[in-house]
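In what follows, a structure is listed as structure tokens, so that the remarks can point back to it.
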Amino acid sequence: MELMEAELILGNGSVQAGRGLMAALAKRMGEAREKHPWPEHADGEYQALGVVGEEYHELVIAVEKETPERMRDEALDVAVTALRMWAGEHERRGA
Numbered sequence: 001m002e003l004m005e006a007e008l009i010l011g012n013g014s015v016q017a018g019r020g021l022m023a024a025l026a027k028r029m030g031e032a033r034e035k036h037p038w039p040e041h042a043d044g045e046y047q048a049l050g051v052v053g054e055e056y057h058e059l060v061i062a063v064e065k066e067t068p069e070r071m072r073d074e075a076l077d078v079a080v081t082a083l084r085m086w087a088g089e090h091e092r093r094g095a
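Counting from 1, position 74 in the sequence shown corresponds to residue 74 in the working numbering; the numbering is continuous, with no gaps.
Structure representation (structure tokens):
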């Protein structure tokens, strides 16, 4: 898949929106990896799933009680933790 095609898909037809989404994901991914390195903070699939669940719970609270901006912020955290699990960051390397 070409980069522009990915940007169009992620941006729901807008290359600019797709680039924005990719930039937001990359920025938050970097912040998350620095603040909460895996597998130290999520050693194994069940701990990683627990982290995703915690982020989901924070999203639910944001939807129910907080601003749309906070809701978007928490949705991004759910996406990032799920992608980290998808990428296998919770697996011990070299053991």
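All residues carry an ideal CB built from backbone N, CA and C; glycine is no exception.
The model shown is predicted, which means the values in this text are computed figures rather than measured ones.
- Annotation for D73: the continuous alpha helix (DSSP H) segment containing it runs 68-86.
- Linking E45 to Q16 through their CA atoms gives a straight-line distance of about 35 Å.
- The C-alpha of M4 is placed about 9 Å away from the C-alpha of G18.
- Counting other Cβ atoms within 10 Å of its Cβ, V60 stays below 16 and is therefore classed as exposed.
- Minimum Cα-Cα distance from L83 among the listed residues A6, A26, M1, G13 corresponds to A26.
- Ranking G53, A42, E69 by CA distance to the CA of G88 puts A42 first.
- Shown here for D77: same chain residues with a beta carbon closer than 8 Å to its own, the five before and five after excluded, namely R28, A32, E55, E58, L59 in chain order.
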